[in-house]
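Below: the structure, in structure tokens.
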């Protein structure tokens, strides 16, 4: 490998060449990662839930006319001003503020002028043409036809007419976020550098903690993926290698470490040495705040549990068999997400090449956590298109926000839900728009078809994993969540529409 990732403290280094970073235990350091811990069993003493209080209802329709109808039905809702931001507790992150943040680089000044306002002559369906959903569809169609000035003009008009999302119905909020994400994708001037800033990292941690407490979606994804890994790896092995293509803040591995510790304590055996290889985007700066936070917290958490943990970072453009090759006899598990396939470029061949590389590591299990749940795609059913995938994602995230509204009503958690939408849902919407744009470049193939094309076979989840998932779904503050098993995957659904899905694969 080419370089070394250095954390914010100069004494923390994560070598990329071989797994030699070993941290000794220190019981006093466990609190640093408490915000990342996820329960690994419904019997976990930290896993609590509330009684549900909302009735179930009919499932959402995917028909685009229904999108218009649903938004029309809520059009009489008045918008509300955004509540003031609550002051943040900075004490836990003051250690990161040792250096003054570098100012954002100046924006380039050679962009073409903004396109003129779009003129559209009156038409018989004038009302629907001014509907926010219809306007967004027209912008997407303009993108599909490669008429970017027209698309930007429509989106600029939507900026003036679409109400702010606070207090609006779920579909209108979804339309607002997707409008914003599409505009940022088309216009580089709208890209912000906030996600590398300390404020963003702290707010994201808090929002993810609230999301885990209020909605079963995050716990469902963590529990199902970890259970598949735990059931596939030999518990008596002296070492374990975990290859993660979407580390994020690393909370899912904190719960895995906790479960390993619990099992070893019950069997009175020594825990294995664990190596996490996190694959990063090539455009991310090494030592970015998010990855540094993830590594620091995972190392501290493992130290408190008495587990030897090594965290290594590999850039996706530097991947090679040697960078992920395990020791002889060392069991390997791989974690994938839809974001992996967006990183790989413009053709299915790139994805196939990556999967060949992963297959060469001989993983015992590959888990795939899908927060995008694309229903359209290659194969039968008319294939994939940017418009189809985009509008499917609009509806899916409207469903997610419907579930958040139910949770908000049941738990009186308006401020927490607002922060979840801003710091968790909104970035995922941006990823969903990127996924829709990448779908066409992947030849219309879905990630499932790419996996099957590589020769991988889906692994059926155990009944124990399914029962844990069902307990997670039933113990949230709102009724309406349920678990579905389909195509050898487990999906968490809200009112009949899946909002997160986990599958397991093996070659």
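In the UniProt record's numbering, the protein residues as written are 1 to 507.
In this text, a Cβ means the ideal position worked out from N, Cα and C, and glycines have one as well.
When 249, 281, 260 are compared, the shortest CA-CA separation from residue 273 is found for 260.
If you keep only unbroken alpha helix (DSSP H) runs of at least 4 residues inside the segment 386–424, you get 386–411, 414–420. Relative to residue 323, the option among 278, 231, 470 whose CA is nearest is 278. Listed as beta-bridge partners of residue 246 by DSSP are no residues whatsoever. Residue 273 is bridged by DSSP to 239.
Residue 234 and residue 136 have their C-alpha atoms roughly 50 angstroms apart. Note on residue 388: 16 or more other CB atoms within 10 angstroms of its CB, so buried under the neighbour-count rule.
Within the segment 287–358, the complete beta strand (DSSP E) segments of 3 residues or longer fall at 309–315, 332–336, listed in chain order. Restricting attention to 349, 353, 400, 362, the CA atom closest to the CA of residue 373 is found in 400. Here residue 370 carries a strand assignment [DSSP, helix/strand/coil]. With contacts defined as CB atoms closer than 8 angstroms, residue 178 and residue 433 qualify as a contacting pair.
Taking C-beta atoms under 8 angstroms as the contact rule, residue 326 and residue 361 qualify, at a distance of about 6 angstroms. One thing to note: residue 385 has its Cβ within 8 angstroms of the Cβ of residue 144.
In this chain, the beta strand (DSSP E) harbouring residue 486 covers 481–486. In terms of CA proximity to residue 489, 463 leads the group 476, 507, 463, 407. Residue 484 and residue 452 have their C-alpha atoms some 21 angstroms from each other.
Look at residue 164 here: in three-state DSSP terms it is coil, with no helix or strand label. DSSP, read as helix, strand or coil, puts residue 505 in strand.
At the C-beta level, residue 477 and residue 411 come within 8 angstroms of one another. As the crow flies, the alpha-carbon of residue 358 is around 11 angstroms from that of residue 351. Residue 457 and residue 337 have their alpha carbons spaced roughly 17 angstroms apart.
A distance below 8 angstroms between beta-carbons, with the five flanking residues on each side excluded, links residue 407 to the following residues of its chain, in chain order: 214, 215, 413, 417, 476, 477, 478. Taken in chain order, the unbroken stretches of alpha helix (DSSP H) that lie wholly in the segment 200–242 and span 4 residues or more are 216–232.
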